[in-house]
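Okay, so here's the structure we're looking at.
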Amino acid sequence: MDEELNVLKSIYLDDLIINYDNPISLNIIIDSNGDENDLDREKRLLCITFIAELPSTYPDLNSPKITLCRPRGLTDEQINELNSLIYSCLESNIGSCVLYECIESIRSKLSFYELPQEACAICLTLISNRNDIIKTNCHHFYHKNCLKSYVDMKKIELEENYQELKKNGFYIERDFRNDIEDPVCRQIIANNVIEQLPSSSSSSSIEQNSNEEHRELIKSLSPHIKQWQERTHALFQQQKEKGGIIDLDKSQDMIFS
Ligand SMILES: [Zn+2]
Ligand SMILES: [Zn+2]
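The sequence shown begins at 42 in this note's numbering and counts up by one.
Laid out in structure tokens, this is it:
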């Protein structure tokens, strides 16, 4: 077993995480191959986390216990297919080292699926053109233009929140104006993702006078966004009331009811 783990480590390097607990387990995020000549990981759209628990009697007597989790861009049907792929892979390899084969058969299946089958969570339509897709650091994906509109809207909103706090004399502990959350999982979207977004046709910076127009445009985008907006606004108010982002000692003349 140690030998197999060493070989896997030399193939997958830092992508493979081995926990030498009892039992030993390992995990790796498997993504699709993408374009053959395209080694840019960020452009690979489908992925799933592969976890294997290795009983001390593996490989001689027992198979590893394999779990697939955190799928991105895959339908339930495809996930079922991947699970049966693992099952038959284990079945036909009892008594021998099977991890590499499992991982690579999952990868080739992902590459076969290629385009994500989930809808863009912003406009709720399928993404049919690969060039239109952007994947976030948290492995969610959107139409580039949809995410662009969303990011612009969030920037305006954060700027307004920031200015409002400043105007009212609040002490702002940390500049939160670039903390743009992913619409689905609310992780902060990395800068290098935002940099990949198309630059807006009118101006690269957000101008005050175009705010209103832009906001109308985004509001019409989808009810999903609107819901999201209301949620974050409520959250902001809540945080404000609780003093979560505010240093109360430094605020003056504020009345809390
Ligand atoms: Zn979209
Ligand atoms: Zn996300």
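Built from N, CA and C at the ideal position, the CB exists for glycine as well.
Because the structure is a prediction, the values reported are computed rather than measured.
Closer than 7 Å to some heavy atom of ligand 1: that describes the Cβ of ILE163. A direct Cα-to-Cα measurement between LEU165 and ILE229 gives close to 21 Å. For the set VAL139, LYS208, LYS189, ARG171, the Cα lying nearest the Cα of GLN237 is the one of LYS189. Ordered along the chain, residues surrounding ligand 2 are THR177, CYS179, HIS181, ASP223, VAL225, CYS226, GLN228 [Cβ under 6 Å from any heavy atom].
Of the heavy atoms belonging to ligand 1, at least one sits nearer than 7 Å to the Cβ of THR166. Its Cα nearest to that of CYS179, the residue ARG113 stands out among ARG113, GLU45, LEU109, SER66. Annotation for LEU131: SER104, PRO105, ILE107, VAL139, CYS143 place their beta carbon closer than 8 Å to its own, counting only its chain and skipping 5 residues before and after.
Judged by DSSP in its simplified three-state form, TYR183 adopts strand. The segment 144-156 makes contact with the segment 57-76: 3 or more CB pairs, one atom from each, lie closer than 8 Å. Cβ neighbours of SER66 within its own chain (closer than 8 Å, five residues either side excluded): ILE59, ASN60, ILE92, ALA93, GLU94, LEU95.
According to the DSSP secondary-structure assignment, LEU57 is paired through a beta bridge with ILE69. Contact between ILE175 and VAL234 holds, since their C-beta atoms are separated by about 7 Å, short of 8 Å.
SER137 is the residue among ASP55, LYS207, GLU200, SER137 whose C-alpha sits nearest the C-alpha of GLU44.
Not a single heavy atom of ligand 1 lies less than 7 Å from the C-beta of CYS138. Taken atom to atom, the span from the alpha-carbon of PRO100 to that of PRO64 is near 13 Å. In the DSSP assignment, LEU109 is bridged to PHE91. Annotation for ASP56: ILE69 place their beta carbon closer than 6 Å to its own, counting only its chain and skipping 5 residues before and after. Residue pairing of ALA160 in beta bridges, as defined by DSSP: LEU167.
Secondary structure note for ILE175: it is in no alpha helix (DSSP H), and the uninterrupted beta strand (DSSP E) holding it is 174-176. For TYR183, the shortest separation between its Cβ and any heavy atom of ligand 1 lies below 7 Å.
For ARG148, the uninterrupted alpha helix (DSSP H) segment begins and ends at 140-154. CYS187 and ASN232 have their alpha carbons spaced roughly 17 Å apart.
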